[in-house]
Amino acid sequence: MMTNVCSGCGREIEKNFVYCPWCGIQLIKKESREYQNLFFEQLEQKRRTEQEQKLQNVGKQLDELEKELDVLVLCAELAR
Numbered sequence: 039m040m041t042n043v044c045s046g047c048g049r050e051i052e053k054n055f056v057y058c059p060w061c062g063i064q065l066i067k068k069e070s071r072e073y074q075n076l077f078f079e080q081l082e083q084k085r086r087t088e089q090e091q092k093l094q095n096v097g098k099q100l101d102e103l104e105k106e107l108d109v110l111v112l113c114a115e116l117a118r
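If you're matching positions, the sequence shown starts at 39 in this note's numbering and goes up one per residue.
#1: Roughly how many angstroms lie between the CA atoms of Asp101 and Lys84, to the nearest whole one?
#2: For Val43, which beta-bridge partners are listed by DSSP?
#3: Where Ile66 and Tyr57 are concerned, what is the direct C-alpha to C-alpha distance, given to the nearest angstrom?
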């Protein structure tokens, strides 16, 4: 685990912390925060895209099941 020393309270903290858990001081610079925001926006967009793809796949599967059900219903009606 990589650590840093907090400039506010002097305690050792994990390097990836954004705020010190002891004194609450912000540990990253404005530029780093903007980079993090961009990273999280890209991550969120990827998550949305994956969810949309999953929903499309579920829709296709439902369409296929509906067709199969129609065939089964037709077969059951013809068997009467």
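Positions of the beta carbon are idealized from the N, C-alpha and C atoms, including for glycine.
Bear in mind the structure is a predicted one, so any value in this text is a computation, not a measurement.
On the basis of the data shown:
#1: In the sequence shown, residue 101 corresponds to position 63, counting from 1. In the sequence shown, residue 84 corresponds to position 46, counting from 1. About 26 Å.
#2: Indexing the sequence shown from 1 puts residue 43 at position 5. DSSP output for Val43 lists Glu50 as bridge partner(s).
#3: Position 28 of the sequence shown, counted from the start, is the residue given in the question as residue 66. Position 19 of the sequence shown, counted from the start, is the residue given in the question as residue 57. Spanning the two alpha carbons is a distance of roughly 8 Å.
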